[in-house]
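Protein chains: 2
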Amino acid sequence: MGIVERKSRQKQALRERILDAARRIVMREGFASLSMRKIADAIEYSPATLYLHFASRDEIAQALCAEGYAQLLETFVPLAQIADPAERLRALGRAYVAFGVAHPETYRLIFMEDPSYTGAALGGVAAASRAAVSGAAVMDADADADAGADAGAGAVGEASEITAAKTPAAGPPVSEKASLAPAKPDEDSGEAALHIMLCALEELKAAGRLSASMDVTVWAEAFWATLHGIVALNLTCPVFPSAPLDTVVGVALDAWLGTQNAGQPRGVTSASRARKKKSAETSVEPRVEPGTKPAIGAETNADTKPAAKPKAASA
Amino acid sequence: MGIVERKSRQKQALRERILDAARRIVMREGFASLSMRKIADAIEYSPATLYLHFASRDEIAQALCAEGYAQLLETFVPLAQIADPAERLRALGRAYVAFGVAHPETYRLIFMEDPSYTGAALGGVAAASRAAVSGAAVMDADADADAGADAGAGAVGEASEITAAKTPAAGPPVSEKASLAPAKPDEDSGEAALHIMLCALEELKAAGRLSASMDVTVWAEAFWATLHGIVALNLTCPVFPSAPLDTVVGVALDAWLGTQNAGQPRGVTSASRARKKKSAETSVEPRVEPGTKPAIGAETNADTKPAAKPKAASA
DNA sequence: GTCTATAAAGAGATAGAC
DNA sequence: GTCTATCTCTTTATAGAC
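So the protein lines, in turn, are chains A and B. If you count the first sequence from 1, you need to add 2 to reach this note's numbering. If you count the second sequence from 1, you need to add 2 to reach this note's numbering.
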C-alpha cells in the first residue's frame with residue numbers, strides 16, 4: 003500500500019507546486035494575468051498537466067483565495083488575546099490594513115476582484131455573525147479560539163507559534179487539524195477572521211463602551227468597510243494617502259473607537275495623536291517601520307506591486 | 003468653411019457614438035469585457051474605424067472615466083449649497099454611495115480598476131486640497147461660479163454655484179472653462195468633486211465642530227475611504243450589507259460626523275436611527291426609494307450589474 | 001501521468017484598397 | 001473615412017500518443 007500513498011503524496015506535491023507558482027505569478031503580475039500557460043511554464047510542465055489537478059483556472063483562483071484568507075486570519079489570531087476590546091479592535095484594524103498593503107495582489111484577489119471569490123470564503127459569515135450576536139454570551143465564542151486561550155502568555159509574543167503552525171497547507175503534519183482549525187487554508191478562514199472582530203465588538207458593547215442600541219453587526223460592517231476602503235484606495239488610487247497611511251488609519255480608528263487611549267501600548271495623548279503621529283506611533287503588528295512614508299509594513303513576504311498594469315489582457 | 007465644420011461635427015458625432023456604445027457595454031458586461039470589436043459591432047462600423055477616433059482601447063477607457071467623474075460631480079453640485087457643513091457632508095456621503103450603487107460598473111471603472119484610470123482625473127487633487135486648506139478662505143471662491151446657475155434651478159437652491167466654482171485646480175483663473183465646468187467630461191471633474199467635500203470640511207473645522215488640531219486633508223481622506231469601502235464592498239462582497247445599505251451608511255456618517263442631527267431633513271433621533279432605520283430614513287439625493295432593501299437608489303440610468311462575471315477573459 | 005499538438009475563440013492593432 | 005483582410009498574440013481547454 004505504500005505505493006499508492008507515495009503516488010498520492012507526489013500528486014499532492016505537484017498540486018502544491020502549481021499553487022506556489024500561481025501564487026508567485028499573482029503576486030508579481032496580478033491576478034488578471036494569471037494563466038494556465040504561465041503556471042505550466044513556471045513549474046516546467048505542460049499546460050495539460052494542470053488540468054489533472056485543477057479543473058479550471060477558476061479552481062486555482064479559489065484555492066489561492068482560501069490561502070489568502072488563511073493568511074489574513076493568521077495575522078489576526080495573535081491579536082485576539084489583547085485584553086481590552088477597543089485596543090484589540092485597533093490592533094486588528096491596523097493589522098488588516100497592514101496585510102492589505104503588504105500583500106496587495108493577494109488582497110486584490112480576495113476582496114476586490116470577483117464577487118464569487120469574495121463570497122466563497124465569506125458565505126456563512128452573515129449567519130455566523132448573527133449567531134454570535136444573538137445567542138452566545140460575550141466570551142463563549144473563544145472556546146474555539148484556542149489561540150486566545152493559552153495566549154494568556156505575554157503580550158503578542160507567545161502566540162506567534164500558534165499562527166506559525168497554521169501556515170498554509172501544512173497538510174500532513176497537522177494531524178488533528180481540528181485543534182488548529184484556523185490554519186487550514188481550505189476552511190472558511192474568512193469567516194473566522196471576521197468572527198474575531200465580531201467578538202471584540204461584542205465585548206466592547208458588553209463593556210458599555212458602545213451604544214447599547216447599536217446593532218453590532220452593522221457597526222462591524224461599517225468598520226470593516228472603513229478599513230477596506232483605506233486599503234482599496236491605497237492600492238488603486240495613486241494619490242490616496244497624501245499623509246502617511248499610518249496617520250489615516252489612526253484617524254479612522256479614532257473616529258470609530260473614540261479618541262480614548264484606554265490601552266497601554268501607546269503613550270501619546272489622543273489629541274496630539276490624532277494629527278501627526280508619524281513619529282510616536284507604534285503599530286501593533288510585527289515588523290512595522292514607523293517612519294515609513296506610504297506603507298505600514300511591507301517587507302515580509304510582500305507581494306510586489308506589479309509594474310505591469312493588472313489589466314485584463316493588454317497587447 | 004461650412005464643409006469642414008460639417009465634417010468636424012460628423013467626426014465628433016461618431017466619436018460620441020463610439021463612447022455611447024462603449025459605455026453601454028461597460029455597464030452591461032463590465033469593463034473587462036470591453037473590446038474594440040464589440041464597440042465596432044455595436045455601432046455597425048469596422049474595428050479599424052475606431053482607431054481613427056481613438057488611438058487605443060485605453061484612450062476610450064480614459065474618456066469613459068472622465069465621463070464618470072463628471073457624472074459623479076453632477077450629483078454633488080446641487081448638494082454643495084446645503085448650508086450646514088455637517089449636513090452637507092452627510093448628503094455628499096449618501097450621494098456618493100448612491101452613485102456607486104446606482105452605477106456599479108462605472109464606479110468600478112473609475113475607482114476600482116486601474117490605478118492609471120483612477121489617478122488620471124485625480125492627479126492634482128492632493129496639491130489642490132493642500133492649497134484649499136492653507137491659503138484661500140473658506141468661502142472666497144464662489145465669486146466666479148456661474149456653473150451652478152442653471153443647475154441650481156432644482157431642489158436645493160441657490161448656493162450651488164459656490165462649489166461649482168472651485169472645480170478646477172483653482173490654479174489658473176477659472177475664467178471661461180469654469181462656467182461649464184461640471185458638465186464637461188474632459189475636465190478634471192474628479193478633483194472638483196473631492197474639492198466640494200474638502201470645502202465642507204474646512205467650514206466644519208472653521209465652525210469649531212472639528213478638532214482644531216485635525217488635519218483636514220487626512221480627515222477627508224479617511225472619510226472618503228469609508229464611503230469608498232462601503233461602495234466597494236457592496237459591489238464585490240456578496241454578503242456585505244447584511245443590514246440595509248442605508249443603515250450602514252448612517253452608522254458610518256454618525257461615526258464621522260457625530261450623532262447629532264442638526265440638519266432638518268431627517269426626523270429620527272440619532273439613537274433610534276443608528277440601529278434600524280430602514281423605514282424612516284429619507285436620503286437626500288433625488289429619486290431614492292426609502293424602502294428598498296439593499297440599494298440606496300438605483301433606478302435612474304443605472305448600470306445593470308452584469309450577470310457575466312467581470313473577470314479578465316473567460317472562455 | 002505526462003506529453004505534443006491543436007482546436008476554438010478572442011484580443012489589439014495595422015496595411016492598403018477604395 | 002471607411003472598409004476588408006490580416007497579422008500577431010493570447011487565452012482556456014481537450015484529444016490522443018506514449
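Just so it is clear, CB atoms sit at the ideal spot from N, CA and C, and this is done for glycine as well.
Contacting residues, own chain, Cβ-Cβ under 6 angstroms from residue i (five flanking each side not counted)
i      : result
R19/B  : I45
W258/A : F225
F101/B : L74 and T77
R90/B  : I84 and A202
D190/A : A123
R17/B  : H55
E163/A : In this prediction, E163/A scores a pLDDT of 37, lower than 50, which makes its location untrustworthy; the coordinate-derived value is nonetheless stated afterwards. Contacts found: none.
G192/B : Y71, A123 and L124
Contact with chain A by residue i, beta-carbon distance below 9 angstroms
i      : result
F56/B  : no
I232/B : yes
E337/B : The displayed coordinates of chain B run from 3 to 317. Any statement about residue 337/B would go beyond what the structure contains.
D305/B : no
A65/B  : no
V28/B  : no
A202/B : no
L111/B : no
A257/B : yes
A97/B  : no
Range covered by the alpha helix (DSSP H) that runs through residue i
i      : result
I84/B  : Premise fails: I84/B is in no alpha helix (DSSP H) and is neither H nor E.
C67/B  : R59 to F78
S118/B : P117 to L124
S48/B  : Premise fails: S48/B is in no alpha helix (DSSP H) and is neither H nor E.
R110/A : That residue, R110/A, is in no alpha helix (DSSP H); it is neither H nor E in DSSP.
S191/B : S191 to A208
H105/B : Here H105/B belongs to no alpha helix (DSSP H), and DSSP marks it neither H nor E.
A227/A : V218 to T238
R11/A  : G4 to E31
L212/A : Careful: L212/A lies outside any alpha helix (DSSP H) and carries neither H nor E.
D256/A : L247 to L259
Cutoff 9 angstroms: residue i Cβ touching any chain B Cβ
i      : result
D22/A  : no
D190/A : no
F101/A : no
E223/A : yes
F78/A  : no
P87/A  : no
G210/A : no
T108/A : no
A227/A : yes
A310/A : Only weak support is given to the placement of A310/A: the predicted model assigns it a pLDDT of 47, under 50, and the question is left unresolved by the model.
G70/A  : no
S48/A  : no
S10/A  : no
M216/A : yes
A254/A : yes
V6/A   : no
T51/A  : no
L333/A : Residue numbering for chain A in the displayed model covers 3 to 317; residue 333/A lies beyond these limits and cannot be assessed.
G121/A : yes
A44/A  : no
L206/A : no
Distance between beta carbons of residue j and residue i, contact taken as under 8 angstroms
i      : j      : result
F113/B : T228/A : Actually they do not touch by this definition, with Cβ atoms about 16 angstroms apart.
P87/B  : L247/B : Rounded, the Cβ-Cβ distance is 24 angstroms, inconsistent with contact.
A322/B : H230/A : Coverage of chain B is limited to positions 3 through 317, which leaves residue 322/B absent and any answer about it impossible.
N236/B : V28/B  : 18 angstroms between Cβ atoms; not a contact.
L255/B : R92/B  : 5 angstroms
I41/B  : A15/B  : I41/B to A15/B, Cβ: 15 angstroms. No contact.
I198/A : A97/A  : Going by Cβ atoms, the distance from I198/A to A97/A rounds to 10 angstroms, so no, they are not a contact pair.
F33/A  : E115/A : 6 angstroms
Spatial neighbours of residue i in its chain, beta-carbon cut-off 7 angstroms, leaving aside the 5 residues before and after
i      : result
M2/B   : The question about residue 2/B has no answer here: the residues shown for chain B are numbered 3 through 317.
C67/A  : L111, I112, Y119, A122 and A123
I232/B : V99, V250, V251 and A254
Chain-order list of residues whose beta-carbon lies under 8 angstroms from that of residue i (same chain, five-residue window excluded)
i      : result
G70/A  : H105, T108, Y109, L111 and I112
A139/A : At A139/A, the pLDDT of 42 sits below 50, so the modelled position is not reliable; the number obtained from the coordinates is stated separately. Around A139/A: no qualifying Cβ.
Q64/B  : Y119 and A122
A222/A : S131, L196, M199, L200 and L203
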